[in-house]
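0 is the number of the first residue of the sequence shown in numbering that gives the first Met the number 0; add one for each residue after it. Ideal placement from N, C-alpha and C gives every residue a C-beta, glycine not left out.
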Amino acid sequence: MFGGLQILSYLCKFKSGKKMNRNEDTKVVLIGLKPGRYSYRFTLGDDFFAGYENEEIGGGKVEVEAEMEKNERVVLFRFRLEGEIETWCDRCLGEMKVKIEGEETLEVRFSDTEVSDEENVAILPEGASEVDLGRWLYEYVAVRLPLRHQHEEGECDPEMVKYLVSKDGEESEGQRAEREIDPRWEALKGLKQ
Ligand SMILES: [Zn+2]
Numbered sequence: 000m001f002g003g004l005q006i007l008s009y010l011c012k013f014k015s016g017k018k019m020n021r022n023e024d025t026k027v028v029l030i031g032l033k034p035g036r037y038s039y040r041f042t043l044g045d046d047f048f049a050g051y052e053n054e055e056i057g058g059g060k061v062e063v064e065a066e067m068e069k070n071e072r073v074v075l076f077r078f079r080l081e082g083e084i085e086t087w088c089d090r091c092l093g094e095m096k097v098k099i100e101g102e103e104t105l106e107v108r109f110s111d112t113e114v115s116d117e118e119n120v121a122i123l124p125e126g127a128s129e130v131d132l133g134r135w136l137y138e139y140v141a142v143r144l145p146l147r148h149q150h151e152e153g154e155c156d157p158e159m160v161k162y163l164v165s166k167d168g169e170e171s172e173g174q175r176a177e178r179e180i181d182p183r184w185e186a187l188k189g190l191k192q
């Protein structure tokens, strides 16, 4: 049962990663700001990532530089992200870090009726006094974590690797690939936390 839940939450990681926690540090106040350009800097740390349910992200530190262009009816953001995420190796389940970097844009519009499915568009209620960028910043990081991530060859936890080899014997590439996508393995990884 526990294993089942672990797998479920693994499969739902992107959906369940939203709206868990309102993060004061990623809010930008809009009310009273004259149209123009503004710069912000955010540091997404362990506390930030702990606010979202994602077993693949154990923590990390990602610096975000944000440029905001505020107009009367629309606010445009341009983000640059750079940092590291702590996660677990698919092969030995040991901790490992994955570098994250990239650029994103977000267009914020204001409407009480409009909805948008567009990836980089956010609709806020008319007259919204602030925008919390947390869930977008979180998603920018989450989508950059590769689906498969392993230590460099030879850097896996030797004890775990020994165990894997003695358990599976001389495994072929095919067997190894099969094991690595075995959902029970993902469940184990969850338990290890
Ligand atoms: Zn490893």
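Local conformation of Y139 per DSSP, three classes: Residue mapping note: residue 139 aligns to position 140 of the sequence shown, counting from 1. Y139 falls in the helix class under three-state DSSP.
Unbroken beta strand (DSSP E) run spanning D131, endpoints: The residue labelled residue 131 in the question sits at position 132 within the sequence shown. Its beta strand (DSSP E) spans residues 129–131.
Alpha-carbon to alpha-carbon, G153 and V160: Residue 160 sits at position 161 when you count from the first residue of the sequence shown. Residue 153 sits at position 154 when you count from the first residue of the sequence shown. If I take the Cα positions, the gap works out to 10 Å.
Candidates I56, T104, A49, of which the one nearest E118 by Cα: Along the sequence shown, one-based indexing puts residue 118 at 119. Closest by alpha carbon: T104.
Residues with C-beta closer than 7 Å to any heavy atom of ligand 1, in chain order: C88, R90, C91, G93, M95, Q149, H150, E154, C155, D156
D111, buried or exposed, once every other Cβ within 10 Å from all chains shown has been counted against 16: Residue mapping note: residue 111 aligns to position 112 of the sequence shown, counting from 1. So D111 ends up on the exposed side.
One or two residues paired with T196 in a DSSP bridge: Because residue 196 is not part of the residues shown, which for the chain are 0 to 192, the question remains open.
Local conformation of Y39 per DSSP, three classes: One-based indexing of the sequence shown puts residue 39 at position 40. Looking at Y39 - three-state DSSP - the assignment turns out to be strand.
Buried/exposed call for Y162, threshold 16 Cβ in 10 Å: On the sequence shown, position 163 is the one that residue 162 refers to. Under this definition Y162 is an exposed residue.
Residue environment, N70, which counts as buried when at least 16 other CB atoms sit within 10 Å: As a position in the sequence shown, residue 70 is number 71, starting the count at 1. It counts as exposed.
Contact check, I99 vs I56, beta carbons under 8 Å: Against the sequence shown, residue 99 aligns to sequence position 100. Against the sequence shown, residue 56 aligns to sequence position 57. Contact flag unset, no.
Cβ-Cβ separation, R40 to E64 (assumed contact under 8 Å), whole Å: Counting from 1 along the sequence shown, the entry for residue 64 is found at position 65. Counting from 1 along the sequence shown, the entry for residue 40 is found at position 41. Contact flag correct, Cβ pair sits at about 6 Å.
Ranges of the alpha helix (DSSP H) found wholly within the stretch 38–79, counting only runs of at least 4: 45–49
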